[in-house]
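**Student:** In the numbering used here, the protein residues as written are 909 to 1355.
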Ligand SMILES: *Cc1c(COP(=O)(O)O)cnc(C)c1O
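1. Cβ atoms of residue 1333 and residue 1141: under 8 Å apart, would you say?
2. Which residues, in chain order, sit with a beta-carbon under 5 Å away from any heavy atom of ligand 1?
3. Can you tell me which of 1316, 1293, 1085 and 1051 puts its alpha carbon nearest to the alpha carbon of residue 952?
4. Enumerate in chain order the residues of its own chain whose CB-to-CB distance from residue 1181 is below 7 Å, with the five nearest sequence positions on each side excluded.
5. Using the beta-carbon count (16 or more within 10 Å), is residue 928 buried or exposed?
6. By a C-beta neighbour count over all protein chains shown, 10 Å radius and 16 as the cutoff for buried, is residue 1146 buried or exposed?
7. Classify residue 1333 as helix, strand or coil using the three-state DSSP reduction.
8. Would you say residue 1269 and residue 1344 are within 8 Å of each other, going by their C-beta atoms?
9. For the alpha helix (DSSP H) that contains residue 1312, what are its first and last residues?
10. Alpha carbon to alpha carbon, how far is residue 1262 from residue 965? Give it in angstroms, no decimals.
11. Thinking C-beta only, is residue 1027 closer than 8 Å to residue 1183?
12. Roughly how many angstroms separate the alpha carbons of residue 1277 and residue 1081, rounded to a whole number?
13. Residue 1041 lies in the alpha helix (DSSP H); which residues open and close that run?
14. So, for residue 1335: in the same chain, excluding its five sequence neighbours on each side, which residues have a beta-carbon less than 7 Å away from its beta-carbon?
15. Who are the near neighbours of residue 1156 in its chain, counting only those whose CB is closer than 8 Å to its CB and skipping five residues on each side?
16. Taking Cβ positions, are residue 1203 and residue 1241 nearer each other than 8 Å?
17. Relative to the C-alpha of residue 1055, which candidate in 1331, 1339, 1092 and 1224 has its C-alpha closest?
18. Using three-state DSSP, classify residue 1226 as helix, strand or coil.
19. Taking the alpha-carbon positions, what's the residue 979 to residue 1286 distance?
20. Name the residue from 1010, 933, 993 and 1255 whose alpha carbon lies nearest to the alpha carbon of residue 971.
21. Where does residue 1273 fall in DSSP's three states?
22. Measure from the alpha carbon of residue 1097 to the alpha carbon of each residue in 1239, 1058, 1062 and 1215, then state which is nearest.
23. Taking all protein chains shown into account, decide if residue 1306 is buried (16 or more other Cβ within 10 angstroms of its Cβ) or exposed.
24. For residue 1004, which residues of its own chain have a beta-carbon under 8 Å away from its beta-carbon, when the five flanking residues on both sides are left out?
25. Can we say the stretch 1318–1334 touches the stretch 974–989, given the rule of at least three CB pairs closer than 8 Å?
26. For residue 1036, write down the residues that DSSP places opposite it in a beta bridge.
27. Whole angstroms is fine: what's the gap from residue 1164's alpha carbon to residue 1060's?
28. Please identify the residue among 1015, 935 and 1037 whose C-alpha is closest to the C-alpha of residue 1226.
29. Are the CB atoms of residue 1149 and residue 1110 within a distance shorter than 8 Å?
30. Apart from the five residues just before and just after residue 1035, which ones in its own chain have a Cβ nearer than 6 Å to its Cβ?
31. Quick check on the burial criterion: 16 or more other C-beta atoms within 10 angstroms. Buried or exposed for residue 1275?
32. According to the Cβ coordinates, are residue 921 and residue 1338 closer than 8 Å?
33. Check whether the Cβ atoms of residue 968 and residue 956 lie closer than 8 Å to each other.
34. In the DSSP assignment, what are the bridge partners of residue 1097?
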């Protein structure tokens, strides 16, 4: 349900720029920031946000941007969604923290019930809650190792799983995530993924290649878990070929390997279903959630088969802030909002509209080599015309051009040559059209 927000900007179609971008107030804040915040904490666009509503973010200079990134797929149901904000505010007045592993509370149990009901599969499930996606990844690996008694973990090429030390070992990209931050956790292996645009393989062929690597480099007997994003996020919205993920999972099941779906970017309505696994007929052993689960408050979860999740002994899982009651209240509101179904329809609408508009752009701009995605998770990849060779620099140039016109765009891809769209599900077709025409201008300006 799209309830008008506090600032009621939701129905507007065009951005509003009152100053140059970034404006004078943002520039002043940025100077202060550079004196106290390390440069390793970057910002894609140093405009300092003052309020946000639906698909809009408004900066301290009064410039209103159409946000097509949603804080990397976090504010999926819209910035400051009224139901989530109200639920969190009510909870703030009652109790903010006890620590579930000291004295528990109902919200944790309720959210675990919701995750059990809405993650794929009818089997008995358990959920543990944590604070960030990387923490969910870490806990999933702990649980899989404890359950299997095996040591090795496999991740896919172009994967991204977070910024803690274990996750760094699983990420595809060294720069900027891992370089200089080693040593890394041992027994983490990377194997080829399915990347139809670049490898031209069918799902069965790509799966055979991946499984061949798993068997030759690790051996099923030592492998605790395989982790995969159903659609790779930071890797550039790589949608695997049909049949790839089910074949990989089938091999895992046959060999007692835990199959972990990292749905941190793809889950909770983003692709028009509760979880992207559903599009591929996947029933993962463990499902990881974070990003969109609590409408902007920090929360993450590991949900999975009871017999796997129950492997760690009491006290083996936990953490001071994991399952914060305020975040949980917002998350329960997210589930309520999604259960109404309109947001799923919005994700499908946004996907269909963007896909059509981007495909039309690709017919006129030869550097767009591929348009792909599912639901409100769409992207285009920029290549040297007539090849699949990544075109350097163009994606960043398009994002910078768009920012100057009030459109916030995110890049992605191991080669940085992908523009990805993660709009809030409150974004209208007319707002998307505004963005696409700016991108059209940006592509024209690139020549
Ligand atoms: C963002 C992301 C993570 C890491 O989540 P954090 O909350 O930043 O730790 C892990 N996996 C995927 C697929 C992500 O998109």
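The beta-carbon is built from N, C-alpha and C at its ideal position, and this holds for glycine as well.
**Tutor:** Taking the definition as stated:
1. Counting from 1 along the chain shown, the entry for residue 1141 is found at position 233. Counting from 1 along the chain shown, the entry for residue 1333 is found at position 425. Not closer than 8 Å, so no.
2. 1040, 1041, 1042, 1069, 1070, 1137, 1141, 1170, 1172, 1173 and 1198
3. Here residue 952 refers to the residue found at position 44 when the chain shown is read from its first residue. Minimum Cα distance to residue 952 is reached at 1316.
4. Along the chain shown, read from residue 1 onward, the residue named residue 1181 stands at position 273. Correct list, in chain order: 1187 and 1252.
5. Against the chain shown, residue 928 aligns to sequence position 20. Residue 928 counts as exposed, since fewer than 16 other C-beta atoms from the protein chains shown sit within 10 angstroms of its C-beta.
6. By one-based count along the chain shown, residue 1146 stands at place 238. Classification for residue 1146: buried.
7. As a first step, residue 1333 is located in the chain shown; it is residue number 425 there, counting from the start. In the structure shown, residue 1333 sits in coil (DSSP, three-state: anything other than H, G, I, E or B).
8. Within the chain shown, residue 1269 is the residue found at index 361, counting from 1. Within the chain shown, residue 1344 is the residue found at index 436, counting from 1. Going by C-beta atoms, residue 1269 is nearer than 8 Å to residue 1344.
9. Locating residue 1312 in the chain shown gives position 404, where the first residue counts as 1. Residue 1312 -> alpha helix (DSSP H) spans 1302–1312.
10. Within the chain shown, residue 965 is the residue found at index 57, counting from 1. Within the chain shown, residue 1262 is the residue found at index 354, counting from 1. Each residue's alpha carbon lies about 21 Å from the other.
11. Translated into positions along the chain shown, residue 1183 becomes position 275. Translated into positions along the chain shown, residue 1027 becomes position 119. In contact: residue 1183 and residue 1027 (Cβ atoms closer than 8 Å).
12. As a working mapping, residue 1277 is identified with position 369 in the chain shown. As a working mapping, residue 1081 is identified with position 173 in the chain shown. Residue 1277 and residue 1081: Cα-Cα distance of roughly 22 Å.
13. Position 133 of the chain shown, counted from the first residue, corresponds to residue 1041. Element bounds for residue 1041: 1041–1056.
14. Residue mapping note: residue 1335 aligns to position 427 of the chain shown, counting from 1. Closer than 7 Å at the Cβ level, and outside the excluded window around residue 1335, lie 963 and 1258.
15. Here residue 1156 corresponds to residue number 248 of the chain shown, with the count starting at 1. Hits under 8 Å: 1115, 1118, 1119, 1134, 1136 and 1167.
16. Working through the chain shown from its first residue, we reach residue 1203 at position 295. Working through the chain shown from its first residue, we reach residue 1241 at position 333. Yes, Cβ-Cβ distance for residue 1203 and residue 1241 is below 8 Å.
17. Taking the first residue of the chain shown as position 1, residue 1055 is located at position 147. Residue 1055 has its Cα closest to that of 1224, out of 1331, 1339, 1092 and 1224.
18. Indexing the chain shown from 1 puts residue 1226 at position 318. Note: residue 1226 maps to coil in three-state DSSP.
19. If you number the chain shown from 1, residue 979 lands on position 71. If you number the chain shown from 1, residue 1286 lands on position 378. Cα to Cα, the separation comes out at about 15 Å.
20. To locate residue 971, count along the chain shown from 1; it is residue 63. Taking only the C-alpha atoms, the option nearest residue 971 is 933.
21. Along the chain shown, read from residue 1 onward, the residue named residue 1273 stands at position 365. In the structure shown, residue 1273 sits in coil (DSSP, three-state: anything other than H, G, I, E or B).
22. Sequence index remark: in the chain shown, residue 1097 carries index 189 (1-based). The residue with the shortest Cα to Cα distance from residue 1097 is 1062.
23. For the purposes of this step, residue 1306 is taken as residue 398 along the chain shown, with counting starting at 1. Looking at its Cβ environment, which holds 16 or more other Cβ atoms inside 10 Å, residue 1306 is buried.
24. The residue given as residue 1004 occupies position 96 in the chain shown. Hits under 8 Å: 1232, 1233 and 1234.
25. yes
26. Looking up residue 1036 in the chain shown gives position 128. Note: residue 1036 sits in a beta bridge opposite 1210.
27. Along the chain shown, one-based indexing puts residue 1164 at 256. Along the chain shown, one-based indexing puts residue 1060 at 152. Roughly 13 Å between the two C-alpha positions.
28. Working through the chain shown from its first residue, we reach residue 1226 at position 318. Per the Cα distances, 1037.
29. One-based indexing of the chain shown puts residue 1110 at position 202. One-based indexing of the chain shown puts residue 1149 at position 241. Cβ atoms of residue 1110 and residue 1149: closer than 8 Å.
30. Start at 1 with the first residue of the chain shown, and residue 1035 comes out as number 127. Closer than 6 Å at the Cβ level, and outside the excluded window around residue 1035, lie 1020, 1023, 1209 and 1211.
31. In the chain shown, counting from the first residue as 1, residue 1275 sits at position 367. Buried: at least 16 other Cβ atoms inside 10 Å.
32. Residue numbering aside, residue 921 sits at position 13 when the chain shown is read from its first letter. Residue numbering aside, residue 1338 sits at position 430 when the chain shown is read from its first letter. For residue 921 and residue 1338, yes; Cβs fall inside 8 Å.
33. By one-based count along the chain shown, residue 968 stands at place 60. By one-based count along the chain shown, residue 956 stands at place 48. Cβ distance < 8 Å, so residue 968 and residue 956 count as in contact.
34. Within the chain shown, numbered from 1, the residue matching residue 1097 stands at position 189. The partner list for residue 1097 (beta bridge, DSSP) reads 1062.
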